[in-house]
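*Asks:*
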Amino acid sequence: MKYILNEKLFSLIKYPGGKEKELKYILPNLPKKLNHYYEPFVGGGAVYFSIEASKYLINDKSDELISLYEMVKSQNEEFFEKLNAFDHNWKVISNVVDNHSNYLCELYKLYKNDQFDEQQLSDEITQFVLANTEEFNGLLTRDFNYQIENFINELFKSIKNKMIRMKRLEKQKGDISELDLISNIECSLKTAFYTHFRYLINHKDEFHLSEAFTTAIYFFIRQTCYSSMFRYNKKGQFNVPYGGISYNRKSFINKIKYYRDEKLVNHLKKTIIGNMDFYEFMSQNPPKKDDFVFLDPPYDTEFSTYAKNEFNQNDQLRLSKYLIDECIANFMLVIKNTDYISSLYPVGRKTANGGEIHISSFDKKYFVSFQDRNDKNAQHLIITNYSINGGTFNGRK
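Using our numbering, read the sequence shown as starting at 131 and increasing by one per residue.
1. When the Cα atoms are used, what is the spatial distance from VAL498 to ALA482?
2. Near GLU308, what residues of its chain come up, given a Cβ to Cβ distance below 8 Å and the 5 sequence neighbours on each side ignored?
3. Along the alpha helix (DSSP H) that carries LEU319, what are the first and last residues, could you check?
4. Under a Cβ-count criterion, where at least 16 other Cβ atoms within 10 Å of its own Cβ denotes burial, should LYS320 be classed as buried or exposed?
5. For the pair the segment 411-423 and the segment 158-177, tell me if three or more CB-CB distances fall below 8 Å.
6. Taking buried to mean at least 16 other C-beta atoms within 10 Å of its own C-beta, is HIS326 buried or exposed?
7. With which residues is CYS355 paired in a DSSP beta bridge?
8. Check for me: the beta strand (DSSP E) holding ASN189 runs from which residue to which?
9. Compare the C-alpha of ASN374 against each of THR354, GLU279, ARG390 and PHE461 and name the closest.
10. Between ASN214 and the rest of its own chain, which residues show a CB-CB distance below 7 Å, the 5 nearest in sequence each way excluded?
11. To which residues of the same chain is PHE266 closer than 8 Å at the C-beta, ignoring the five residues directly before and after it?
12. Counting C-beta neighbours from all protein chains within 10 Å, is the total for GLY404 16 or more, i.e. buried, or is it exposed?
13. Going by the beta-carbon positions, is the gap between MET412 and TYR452 smaller than 8 Å?
14. Identify, in the order they occur along the chain, each residue of the same chain with its Cβ nearer than 8 Å to the Cβ of LYS203, setting aside the five sequence neighbours on each side.
15. Note down, in chain order, each residue of its chain lying with its Cβ closer than 8 Å to the Cβ of HIS185, except the 5 sequence neighbours on either side.
16. Out of PHE441, LEU339 and THR514, state which residue places its alpha-carbon closest to the alpha-carbon of ILE458.
17. Evaluate contact between the segment 187-205 and the segment 137-148, counting only Cβ atoms and requiring at least three cross-stretch pairs below 8 Å.
18. Helix, strand or coil, according to DSSP, for TYR516 in the structure here?
19. Using 8 Å for Cβ pairs, my map puts LEU157 next to SER180. What's the rounded Cβ distance?
20. On a CA-only basis, which of LYS301, LYS191, THR344 and MET293 is nearest LEU251? Give me that one, please.
21. Nearest-angstrom Cα distance between TYR348 and ASN332?
22. Just to confirm before moving on: does the CB-CB distance between ILE255 and LYS303 stay below 8 Å?
23. Tell me LEU463's beta-bridge partners as DSSP assigns them.
24. Taking all protein chains shown into account, do 16 or more other C-beta atoms lie within 10 angstroms of the C-beta of TYR233, making it buried, or fewer, making it exposed?
25. Name the DSSP bridge partner or partners of ILE255?
26. Compare the Cα-Cα distances from MET534 to each of GLY366, LYS365, PHE350 and VAL370 and report the closest residue.
27. Using the C-alpha atoms, what's the distance from GLN443 back to ASP469?
28. Curious, which full-length beta strand (DSSP E) runs of at least 3 residues does the segment 177-244 contain?
29. Would ASN262 and GLU316 be called neighbours here (beta carbons separated by less than 8 Å)?
30. Give the single residue among LEU463, HIS488 and SER490 whose Cα lies nearest to the Cα of VAL177.
31. Within a Cβ cutoff of 7 Å, which residues of the same chain sit near ASP217, ignoring the five residues on either side of it in sequence?
32. What residue does the alpha helix (DSSP H) around TYR167 start on, and which one ends it?
33. Put THR401 into one of helix, strand or coil per three-state DSSP.
34. Between the alpha carbons of PHE422 and ASP193, how many angstroms are there, rounded?
35. Which whole-angstrom value describes the C-beta separation of LEU269 and ILE312, a residue pair presumed to lie in contact below a C-beta threshold of 8 Å?
36. Which residues in the same chain have their Cβ closer than 7 Å to the Cβ of LYS480, if we skip the five residues on either side of it in sequence?
Set out below in structure tokens:
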């Protein structure tokens, strides 16, 4: 088999726990022979896109994520129209700030110097938004014109709240520069735009949004939310805030171009994509002896909600039983080291493929073999049912 280690194919989307940085440990330790490639917890797909196989079978329980894979695979035109609209409108907001920065800065300074109280500030912001309604409405073109009133209300709130916070912070820490002032004001407008679309995706059924539009919003949210996190409240609504000033001038165009890349699309066309529990997926598509299964499941932590789908210790147990007792293909499991995980995969335990459990560990500096021990300093484990690279790897091949 060959490894694709170039800039042509990379993760579909930045994903918490993504394995881009760990590829240097993972790829050299894959089996020497591989027919079909399986990944039942695909996430952003760093390993999936790094490997050449005759066929791929990937799965994830996140509906939104799998829809993104499907949209790119099918090259859905509505989806790409919406992506381009997001990129365009994100730039338009920056233009609005550039066009009105003098007025907005002066407005803030009047409030900061107590020439306006909060009510007067609110009135001035309302007047500003209403006076430029046509410019703001232009952000939400006909294709984007869902709940325009919500967007306008978010603008009112976000600009006002940002100015109130800046005044409070300047009193505590001193004056900020003119450049920082403009960046913060721009951040308030970008926050309003972001929060509006977060509201839409959380009410997608109520507003009858198409799957293509919903998936485009998911892409936009994941590109601009704080630290690329996904987190949901008790109502199942996405609640991560906007990422902040560093995202203000972000462009999505390179990612959109990548989604059109012929090599990427051909990779996806060789792929069966599932959206179900890992066991159901593997049972419906049982791997054979010469296939390979790569697994990067949710970690064994107290916070084990995986894109609205809980993955608890019972699920970790189900996974270990499947891998040890049923999986006849070679597998590699990469997971954070905990006492519970180590108890599920005893070194030397015989496995269904005729091999036994091997465990190595890595952190940011080195890779070592486990010999019937549990190194608490190890950050991650690589668990396989085949012997890898003599048990040691120092980060160089």
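Where a beta carbon is used, it is the ideal one built from N, C-alpha and C, also for glycine.
*Replies:* Let me spell this out:
1. Taking the first residue of the sequence shown as position 1, residue 498 is located at position 368. Taking the first residue of the sequence shown as position 1, residue 482 is located at position 352. Low confidence applies here, because VAL498 scores a pLDDT of 47, under 50, leaving its location unreliable and the question unanswered by this model.
2. Mapped onto the sequence shown, residue 308 falls at position 178. The residues are CYS235.
3. Residue mapping note: residue 319 aligns to position 189 of the sequence shown, counting from 1. LEU319 -> alpha helix (DSSP H) spans 308-332.
4. Within the sequence shown, residue 320 is the residue found at index 190, counting from 1. With 16 or more Cβ atoms within 10 Å of its Cβ, LYS320 is classed as buried.
5. yes
6. Stepping through the sequence shown from its first residue, residue 326 is reached at position 196. By the neighbour-count rule (16 or more Cβ atoms within 10 Å), HIS326 is buried.
7. Position 225 of the sequence shown, counted from the start, is the residue given in the question as residue 355. Residue pairing by DSSP places CYS355 opposite TYR372 in a beta bridge.
8. As a position in the sequence shown, residue 189 is number 59, starting the count at 1. It spans 185-189 - the beta strand (DSSP E) in which ASN189 sits, taken as one unbroken run.
9. Counting from one through the sequence shown, the residue named residue 374 turns up at place 244. The question names Asn, yet the displayed sequence has Gly at residue 374. Out of THR354, GLU279, ARG390 and PHE461, THR354 has the C-alpha closest to the C-alpha of GLY374.
10. Locating residue 214 in the sequence shown gives position 84, counting from the first residue. Correct list, in chain order: ILE386.
11. For the purposes of this step, residue 266 is identified with residue 136 of the sequence shown, where counting begins at 1. Excluding sequence neighbours, PHE266 sits near VAL226, VAL259, PHE281, ILE282 and LEU285.
12. Along the sequence shown, read from residue 1 onward, the residue named residue 404 stands at position 274. Its Cβ being crowded by 16 or more others within 10 Å, GLY404 is buried.
13. As a working note, residue 412 is residue 282 in the sequence shown. As a working note, residue 452 is residue 322 in the sequence shown. Contact flag set, yes.
14. Counting from one through the sequence shown, the residue named residue 203 turns up at place 73. These residues qualify, in order along the chain: VAL395, LEU398, LYS399, THR401 and ILE403.
15. One-based indexing of the sequence shown puts residue 185 at position 55. This sequence places Lys at residue 185; His is not what is there. The residues are ASN165, HIS166, TYR167, LYS400, THR401 and ILE402.
16. Start at 1 with the first residue of the sequence shown, and residue 458 comes out as number 328. Considering only alpha carbons, the answer is THR514.
17. yes
18. What you label residue 516 is simply residue 386 of the sequence shown in a count that begins at 1. Three-state DSSP puts TYR516 in coil, outside helix and strand.
19. Stepping through the sequence shown from its first residue, residue 157 is reached at position 27. Stepping through the sequence shown from its first residue, residue 180 is reached at position 50. So it is a contact: roughly 6 Å between Cβ atoms.
20. For the purposes of this step, residue 251 is taken as residue 121 along the sequence shown, with counting starting at 1. Residue MET293 is the option with its Cα nearest to LEU251.
21. Counting from 1 along the sequence shown, the entry for residue 348 is found at position 218. Counting from 1 along the sequence shown, the entry for residue 332 is found at position 202. One C-alpha to the other measures close to 10 Å.
22. The residue given as residue 255 occupies position 125 in the sequence shown. The residue given as residue 303 occupies position 173 in the sequence shown. No, Cβ-Cβ distance for ILE255 and LYS303 is not below 8 Å.
23. Within the sequence shown, the letter at position 333 stands for residue 463. Answer is LEU425 and ILE513.
24. By 1-based counting over the sequence shown, the position of residue 233 is 103. Exposed, since its Cβ has fewer than 16 Cβ neighbours within 10 Å.
25. If you number the sequence shown from 1, residue 255 lands on position 125. None; ILE255 has no bridge partner.
26. Any question about residue 534 goes unanswered here, given that the chain covers just 131 to 527.
27. If you number the sequence shown from 1, residue 469 lands on position 339. If you number the sequence shown from 1, residue 443 lands on position 313. Their backbone Cα atoms lie some 12 Å apart in a straight line.
28. 185-189
29. Here the question's residue 262 lines up with position 132 in the sequence shown. Here the question's residue 316 lines up with position 186 in the sequence shown. Going by C-beta atoms, ASN262 is not nearer than 8 Å to GLU316.
30. Numbered from 1 along the sequence shown, position 47 holds the residue referred to as residue 177. Of the candidates LEU463, HIS488 and SER490, the one whose C-alpha sits nearest the C-alpha of VAL177 is LEU463.
31. For the purposes of this step, residue 217 is taken as residue 87 along the sequence shown, with counting starting at 1. Same-chain partners within the cutoff: SER381, PHE382, ILE383 and ILE386.
32. For the purposes of this step, residue 167 is identified with residue 37 of the sequence shown, where counting begins at 1. Where TYR167 is concerned, there is no enclosing alpha helix (DSSP H), although the beta strand (DSSP E) it sits in stretches over 166-169.
33. Looking up residue 401 in the sequence shown gives position 271. Strand at THR401.
34. Mapped onto the sequence shown, residue 422 falls at position 292. Mapped onto the sequence shown, residue 193 falls at position 63. Taking the straight line joining both Cα atoms gives about 24 Å.
35. The sequence position of residue 269 within the sequence shown is 139, counting from 1. The sequence position of residue 312 within the sequence shown is 182, counting from 1. Not a contact, Cβ separation roughly 19 Å.
36. Taking the first residue of the sequence shown as 1, we reach residue 480 at position 350. Once the five neighbours on either side are set aside, the close Cβ partners of LYS480 are GLU486.
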